[in-house]
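Working notes, structure below.
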Ligand code: HEC
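Residue numbers (the numbering used here): 1 to 90.
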């Protein structure tokens, strides 16, 4: 089962919430908008996992570009829980 408190704590610890707020645009799209894009799709979880492990180039709201943040945690169960939490926010 989803542990939302642990997921949010990990998102905070990994710095995700510095750029992504739950329901409004910050330096990047909101977690809700991410959920709306990926929830219910067969590859939704894999896409999010790739985004936070491979360091693809992204464009911030101010127009600057950088490599996307990659997670420090290697705990697959905790990462999967965090991704499921994001997907549940839609
Ligand atoms: C330095 C700012 C920054 C941090 C920190 C950051 N992101 Fe992002 N993220 C972005 C930007 C910029 C994009 C590009 C999408 C956009 O906003 O247009 C993006 C895209 C994504 C996407 C793909 C969205 C899509 O359109 O499919 C996911 C998923 C995502 N981030 C999750 C995370 C998670 C989880 C974390 C924490 C591990 C995180 N991000 C940390 C800035 C950030």
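Virtual Cβ for every residue (Gly too), placed ideally from N, Cα, C. All values derive from a computational prediction rather than experimental measurement.
Cβ atoms of residue 20 and residue 30 come within 8 Å of each other, at about 6 Å. Checking the DSSP bridge columns, you'll see residue 59 partnered with 65.
Approximately 27 Å separates the beta-carbon atoms of residue 65 and residue 74; this is outside 8 Å, ruling out the contact. Residue state for residue 45 is assigned as helix, using DSSP reduced to three classes.
Between residue 2 and residue 49, the CB-CB gap reaches or exceeds 8 Å.
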